[in-house]
Amino acid sequence: ASVVYAQGQYWIASGGRLLGVKIDSSGDASVRAASLGAAATSCESDAAGNIWVSTDGNGIAKFDGNRPRWITERNGLARMRVRQVFRDYEGSLWFATMGGGAQKLLSESVVSYRTSDGLLQNEVTTVFEDSRKRVWVGTCRGISLIENNRIRNDFPFQKLMDEVRAFAEDKNGNLYIGTF
410 ASVVYAQGQY WIASGGRLLG VKIDSSGDAS VRAASLGAAA TSCESDAAGN IWVSTDGNGI
470 AKFDGNRPRW ITERNGLARM RVRQVFRDYE GSLWFATMGG GAQKLLSESV VSYRTSDGLL
530 QNEVTTVFED SRKRVWVGTC RGISLIENNR IRNDFPFQKL MDEVRAFAED KNGNLYIGTF
């Protein structure tokens, strides 16, 4: 499950649903649910408070508080199987797609990073931006780094990487990589 707090409530992407959980001042919780039709893989909010949910087969659902608007291959999404949606420091959303590489959603367009651009692999499992504003892309074969629109894959520990599942950074700027 993935959880984000926005619009005064907790949003939980789990199974094939997005749950909105609101807790009032007395501690009582109200829950509303929206069906996604496919397994939810992560959720994120944007600066306007919209909730973005990645799914394993139906693309991306954007909730403005009412009903979803779907972002699919017809709207420029590289693949319908999306493992993660991630918001960077600039507020741009990134999509980790299975087979379509990493995609960055800008206000009017989508920028794609694929093997043809130098990405290690198009099976992208996770995306993370560190405090130095470098974007780390986890794949089923290792990691790629996007910095100043250049892609780098030449890390000495790359052969130790299996399916990369997560990145984290501590307060000292040390990067941690979680693998399968």
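Take the sequence shown: its position 35, counting from 1, is numbered 444 in our numbering, and each next residue is one higher. Just so it is clear, CB atoms sit at the ideal spot from N, CA and C, and this is done for glycine as well.
- F566 is bridged by DSSP to nothing; it lacks a bridge partner.
- Pairing V462 with A415 gives a Cβ-Cβ distance that is not under 8 Å.
- When the beta-carbon positions are compared, R496 and M507 stay at least 8 Å from each other.
- Taking C-beta atoms as the reference points, V440 and L427 fail to come closer than 8 Å.
- Under DSSP, R559 forms a beta bridge with E556.
- Burial check for K568: the Cβ neighbour count within 10 Å stays below 16, so the residue is exposed.
- Shown here for T548: same chain residues with a beta carbon closer than 7 Å to its own, the five before and five after excluded, namely L529, Q530, E532, V533, T534, V573 in chain order.
- With fewer than 16 other CB atoms across the displayed protein chains lying within 10 angstroms of its CB, N581 is exposed.
- If you draw a straight line from the Cα of D526 to the Cα of K471, it is about 28 Å long.
- F504 places its beta carbon 8 Å or farther from that of L515.
- By the neighbour-count criterion, in which 16 or more other beta carbons inside 10 Å mark a residue as buried, I586 falls on the buried side.
- The beta-carbon distance between S411 and S451, rounded to whole angstroms, is 4 Å. This is short enough to meet the 8 Å contact definition.
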